[in-house]
Amino acid sequence: MLALILLLCLEIVLRIVLEVRERRLTQLRGGVFAVLRVIPLVNDIVPLPENRKEAPESKFVKLHEEGHKVLHHDILRNLMKVAFWMVAVWFMAAMMVRWNVSFIEAVLWLHLAAIPFRMLFHFYCWSQEYECDRYALEKSDKKVAKAALRELAACEIPYTALFALVYREHPTAALRSEKILKKKMAATALR
């Protein structure tokens, strides 16, 4: 139990450090979501908003979504979720039956164990997003892709790469631009 409490305290400290780092680098206010992200278990339930407003539908966006369908990303993503859920159920059962841990403790241990798996899942989702961006780029051209990424950057909340990896299933527009266009997006496009 002491190890669990220490690990939860360490998680809170690391999340606070990540929040402070993010606020300093982006110069944006965290608001109520910053507080919710720091509290264990609540940060598993409350989704992080990714956009200030919805990105307009463009040719590139339509082709990107077509890429998800053609490459069967929904099925692959859902299979990965099912695999993670199966591991989570096994983990909970093992904690409660084999190690005779209470339900609350098992949930807290699962929360801690899920952190690296969540980041792995986000990384997997990012690879799918990059793959669809490349698919859309091949079906259109660089000009269309650049315009769509600028629109996305204007609509999204600009997070750093580390923060996005911890909390988001989609890479930032700046990361997408670097990956598919091989060029960094101007800072004005990110604000």
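Note that the numbering used here gives residue 186 to position 188 of the sequence shown, counting from 1, and the numbers run on in steps of one.
Beta carbons are placed, not taken as given, at the ideal position from N, Cα and C, and that holds for glycine.
None of these values were measured; they are calculated from a predicted model.
Is residue i helix, strand or coil by DSSP?
i, result
"E154", "strand"
"N49", "strand"
"Q126", "helix"
"G28", "coil"
"D131", "helix"
"R96", "helix"
"S138", "coil"
"E167", "coil"
How big is the Cα-Cα spacing for residue i and residue j?
i, j, result
"E129", "V99", "42 Å"
"A187", "L0", "Since pLDDT at A187 reaches only 47, below the 50 mark, its modelled position is unreliable, and the value read off the structure follows with that caveat. The alpha-carbon atoms of A187 and L0 are separated by roughly 47 Å."
"V121", "I113", "Looking at the sequence provided, one finds Phe at residue 121 rather than Val. Using only the alpha carbons, I get a separation of about 13 Å."
"K51", "A159", "20 Å"
"C7", "R132", "41 Å"
"S176", "E149", "It should be pointed out that residue 176 corresponds to Glu in this sequence rather than to Ser. Each residue's Cα considered, the two are about 15 Å apart."
"R19", "F161", "9 Å"
"A104", "I178", "42 Å"
"H70", "P38", "33 Å"
"K57", "V142", "8 Å"
"M84", "V68", "27 Å"
"P47", "N41", "12 Å"
"V12", "V164", "Note on identity: in this sequence residue 12 is Leu, with Val being the wrong assignment. Taking the straight line from one Cα to the other gives about 12 Å."
Closer than 6 Å by C-beta to residue i: which residues in its own chain qualify, once you throw out the five before and the five after it? Chain order, please.
i, result
"W124", "P169"
"N49", "C153 and E154"
Please work out which residues of its chain come closer than 7 Å, Cβ to Cβ, to residue i, disregarding the five sequence neighbours upstream and downstream, and give them in chain order.
i, result
"L17", "At residue 17 the sequence reads Glu, which differs from the Leu that was named. Around E17: G28, A32, R35 and V36."
"H66", "D72 and C130"
"I14", "V36"
"A82", "Checking the sequence shown, residue 82 turns out to be Phe, not Ala. Hits under 7 Å: F115 and F119."
Closer than 8 Å by C-beta to residue i: which residues in its own chain qualify, once you throw out the five before and the five after it? Chain order, please.
i, result
"R189", "Confidence in R189 is poor, its pLDDT being 44 and thus under 50, which makes the residue's placement too unreliable to answer from."
Using a beta-carbon distance below 8 Å, is residue i in contact with chain E?
i, result
"P47", "Of the protein chains in the structure, only one exists, and it is not chain E."
* the region 90 to 102 / the region 132 to 139 touching (three or more Cβ pairs under 8 Å) -> Using a C-beta cut-off of 8 Å, the region 90 to 102 makes no contact with the region 132 to 139, since fewer than three inter-stretch Cβ pairs fall below that distance.
* Asked: Residue ranges of each alpha helix (DSSP H) run of no fewer than 4 residues wholly in the region 37 to 81, ordered along the chain?
  -> Segments of the alpha helix (DSSP H) lying fully in the region 37 to 81: 40 to 43 and 57 to 68.
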